[in-house]
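*Asks:* In terms of my numbering, the sequence shown is numbered consecutively and its last residue is 362.
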Amino acid sequence: MPLTGTILVVGATGTTGSRTAAQLIAAGHRVRAAGRRGASLPGAEPVRFDWYDPATFGDALTGADRVYLVPPIGDSDPAAVMLPFLHQARAAGVRRAVLLSSSAIAEGGPAVGMVHQALPGLFDEWAVLRPSWFMQNFTGAHAHADSIRKDGVIMTAAGTGRVGFVDADDIAAVAAHALTDDHSPDTDLVLTGPQALSYDDIAAIVTEVTGRPVLHRPLSYEQMRDRLGAAIPLEFATMLASMDRAIAEGAEDRVTDTVQRITGRPPHGFRSVAERELLPLRAAP
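Here's what the structure looks like:
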């Protein structure tokens, strides 16, 4: 039986949620845009949704047969709040679930890895998107983008390790296919851009595109953990610093053909994304 109901997009004001919702709306699908205050997106029905308020689950799920899941940000144990929602979603008639995870977190791993592990047992149709680090970390609302704008530096504990950074537009394109194609992926999908780059490479490209000097400042694992821990819970800061250390050891030095295979077009490179999103900085005072 084809899926013809409403698609619930959780985190519809976020980096991938907003782009996924926009692509679904443009393709003519009915979208319910979920956010803590309701997500006002042209062409979507706004609905209030809060992972930490189960009273918001029912209205959000009404009439939905598919759901795009963005885990709660900064929660080291998202399964505790996500799994009760997913059980309720299945009971409410949701047939396909697409989960945003990370290339650094395998099925059954920490944090969202536990949700990944549970998903196939809850839904007959599913997918787990495991994108590499977002290119928008250097252009949008992220600590790296902030430090580029304020100080002209990128600080990591990744050393010279390389990452297959991926454009959030490409993640959204894969998400839209995973939610709407006749046959669901029923697997996890590792998403990267076309090239693995070091943070030194990123700094050089941002410098060339914007005309403003940007440098990569390497930190130790402990320095990175403590720097992050000043702003977020220490457990989560430790996990993020450990991911940087894994990059330094080569864990993310790879590219995949997933974007091309799912969408039929190649993924965007970082230079093209930087030109699209950072060129206004060249003219800024």
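Note that the Cβ used here is the ideal one computed from N, Cα and C, for glycine as well.
As the structure is a computational prediction, the values presented were derived from the model and not from experiment.
Does the contact criterion of 3 or more C-beta pairs under 8 Å hold for the region 279-289 versus the region 113-126?
*Replies:* no
*Asks:* Should the region 237-246 be called in touch with the region 205-214, which here means at least 3 C-beta pairs below 8 Å?
*Replies:* Because the criterion of three Cβ pairs below 8 Å is met, the region 237-246 and the region 205-214 touch.
*Asks:* Going by DSSP, which residues form a beta bridge with Gly112?
*Replies:* Arg125
*Asks:* Which ranges does the beta strand (DSSP E) cover as unbroken runs of at least 3 residues, wholly within the region 188-269, from first to last along the chain?
*Replies:* 202-208, 230-233, 264-268
*Asks:* Report the three-state DSSP secondary structure of Arg353 (helix, strand or coil).
*Replies:* helix
*Asks:* Report the CB separation of Ala98 from Val86 in whole angstroms; it is logged as a contact under 8 Å.
*Replies:* 5 Å
*Asks:* Can a CB atom of chain D be found closer than 8 Å to the CB of Arg348?
*Replies:* Here chain D cannot be found, since the structure has a single protein chain.
*Asks:* Quick check on Ser319: does DSSP put it in helix, strand or coil?
*Replies:* Here Ser319 sits in helix by DSSP.
*Asks:* Let me know if Gln337 comes out buried or exposed under the rule of 16 or more other beta-carbons within 10 Å of its beta-carbon.
*Replies:* exposed
*Asks:* Pairs of beta-carbons, one from the region 102-117 and one from the region 226-237, closer than 8 Å: are there three or more?
*Replies:* no
*Asks:* Out of Leu296, Leu176, Ala249, Ser180, which one is the CA nearest neighbour of Ala234?
*Replies:* Checking every option, the nearest Cα to that of Ala234 belongs to Leu296.
*Asks:* Would you report the Cα separation of Val353 and Tyr276, rounded to the nearest angstrom?
*Replies:* The sequence given here places Arg at residue 353; Val does not occur at that position. Rounded to whole angstroms, Arg353 to Tyr276 spans 19 Å at the Cα level.
*Asks:* Would you say Arg173 and Leu266 are within 8 Å of each other, going by their C-beta atoms?
*Replies:* no
*Asks:* For Ala252, collect the residues of the same chain with a Cβ closer than 7 Å to its Cβ; drop the 5 residues on either side in sequence, then sort them by chain order.
*Replies:* Thr93, Thr97, Tyr145, Val175, Leu206
*Asks:* Kindly indicate which three-state DSSP category Ile150 falls into: helix, strand or coil?
*Replies:* coil
*Asks:* With a Cβ-Cβ cutoff of 8 Å, do Ile102 and Gly120 count as a contact?
*Replies:* In this structure, Ile102 places its C-beta atom within 8 Å of the C-beta atom of Gly120.
*Asks:* Thinking just about the alpha-carbon of each residue, which of Asp154, Ala137, Asp152, Glu184 is nearest to the one in Arg167?
*Replies:* Checking every option, the nearest Cα to that of Arg167 belongs to Ala137.
*Asks:* For Ile84, which residues does DSSP report across the bridge?
*Replies:* BP columns for Ile84 point to Val108, Arg143.
*Asks:* Report the rounded CA-to-CA distance for Ile279 versus Gly170, giving the unit in angstroms.
*Replies:* 44 Å
*Asks:* In angstroms, rounded to a whole number, what distance separates the CA positions of Gln165 and Arg294?
*Replies:* 46 Å
*Asks:* Skipping 5 residues on each side, what residues in its chain have a beta carbon closer than 6 Å to that of Val291?
*Replies:* Ile225, Gly229, Ala280, Val283, Thr284
*Asks:* Along the chain, where does the beta strand (DSSP E) containing His293 start, and where does it finish?
*Replies:* 292-295 is the span of the beta strand (DSSP E), which, as asked, contains His293.
*Asks:* Determine the burial state of Glu329: buried for a count of at least 16 other Cβ atoms within 10 Å of its Cβ, exposed for fewer.
*Replies:* buried
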